[in-house]
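Colleague:
In the working numbering, the protein residues as written are 26 to 371.
1) Do you know offhand how far residue 150's Cα is from residue 159's?
2) Our contact map puts residue 255 next to residue 248 with C-beta atoms below 8 Å; I'd like the distance itself, whole angstroms only.
3) Are residue 44 and residue 73 closer than 8 Å when you measure CB to CB?
4) Distance check for residue 77 and residue 126, CA to CA, integer angstroms please.
5) Pull the bridge partners of residue 161 from the DSSP assignment, please.
6) Could you give the uninterrupted runs of the alpha helix (DSSP H) lying entirely in the region 42-75, keeping only those of 4 residues or more?
7) Do the CB positions of residue 79 and residue 90 come within less than 8 Å of each other?
8) Rounded to the nearest angstrom, what separates residue 308 and residue 135 at their Cα positions?
9) For residue 64, which of 292, 175, 107, 192 has the nearest alpha-carbon?
10) Taking residue 113 as the reference, give the member of 35, 337, 177, 228 with the closest Cα.
11) Between residue 138 and residue 85, is the Cβ-Cβ spacing less than 8 Å?
12) Any idea if residue 274 is buried or exposed, counting beta-carbon neighbours within 10 angstroms, 16 or more meaning buried?
13) Would you check if the region 350-370 and the region 298-316 touch, i.e. whether three or more CB-CB distances between them fall below 8 Å?
14) May I ask you to report which of helix, strand or coil DSSP gives residue 200?
15) Going by other Cβ atoms of all chains shown within 10 Å of its Cβ, with 16 needed for buried, is residue 28 buried or exposed?
16) Quick one: give me the first and last residue of the beta strand (DSSP E) that residue 258 is part of.
17) What residues in its chain sit with their C-beta under 7 Å from that of residue 97, if we drop five residues either side in the sequence?
18) Nearest to residue 373 by CA position, among 243, 356, 253, 289, is which residue?
19) Got a sec? Which residues, its chain only, sit under 6 Å from residue 295 by beta carbon, not counting five neighbours each side?
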């Protein structure tokens, strides 16, 4: 397993990160622990979670259960220092109606630390901005004119940055990152951090896959010049790129599509032709489509680390196999041809 640093930080992590959002809903604690054990065996040292997990569905009464599962693992196995643990505070709405504020940041972090049974988080991320986001398929009707004023947004950011500096000084957080952020939002966090001498955002966790490439343009340019790491979530397109749905003709029992009919808006008119094309391409080259999809994220011209997730160790293996795969030039060229033929399928 290759190891890389996140952004400009000293966080040395496996280039494949283990996601955890199904632990506590689709997975039991024992199953989550088995996934951690297997990932560790092949060199993964990086786990991503969030205060609102598990998902499928997201519920206030289960929020935090995934962090507790990870905390139980650390309590039972020990070796906290062997892991780089990332968690997130939710933006406004959902389980955090106030949003991310200077007044609640430390309290929400402390709640996560208690569940994780640790006294620090290596990477603390802001799950989505209070002002809203074009992610989660909101790009089709994104309207930034309805956001608070720039002055209001910056006032909140400045207050939060002051608390971030305090949390880092106390040793509760090593580094910070964003999630579901935009190029403008990221540039503001960086600008204000420089101006204030506060911690910089080292990473951005956005959806990114063969079927979701919104990151490829302005955010990619910002990431290259500002040395930001993309933590790519849903590199399998919520399971679409595994081929298990067989072009929409099969819905396995207990799968995300079984639990969430349209995969959070990902199932649309042009989804299945794109899915069939990528799965067929992988098979043509003798690759498992899951392995190809994860391996492709590691070929990008900007720093990218995929966050892999599964509901079984057997599923996890196919994503972990990407660590040993090098996609050849011919295959990469064919992928770009398919991207032009199937742009923004959802």
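Yeah, the Cβ is synthetic: ideal placement off N, Cα and C, and Gly gets one too.
Modeller: Based on what the coordinates show:
1) 18 Å
2) 6 Å
3) yes
4) 17 Å
5) In the DSSP output, where bridge partners are listed per residue, residue 161 has none listed.
6) 54-66
7) yes
8) 47 Å
9) 107
10) 228
11) no
12) exposed
13) yes
14) strand
15) exposed
16) 254-258
17) 54
18) As shown, the chain starts at 26 and ends at 371. That puts residue 373 outside it, with no answer to give.
19) 370
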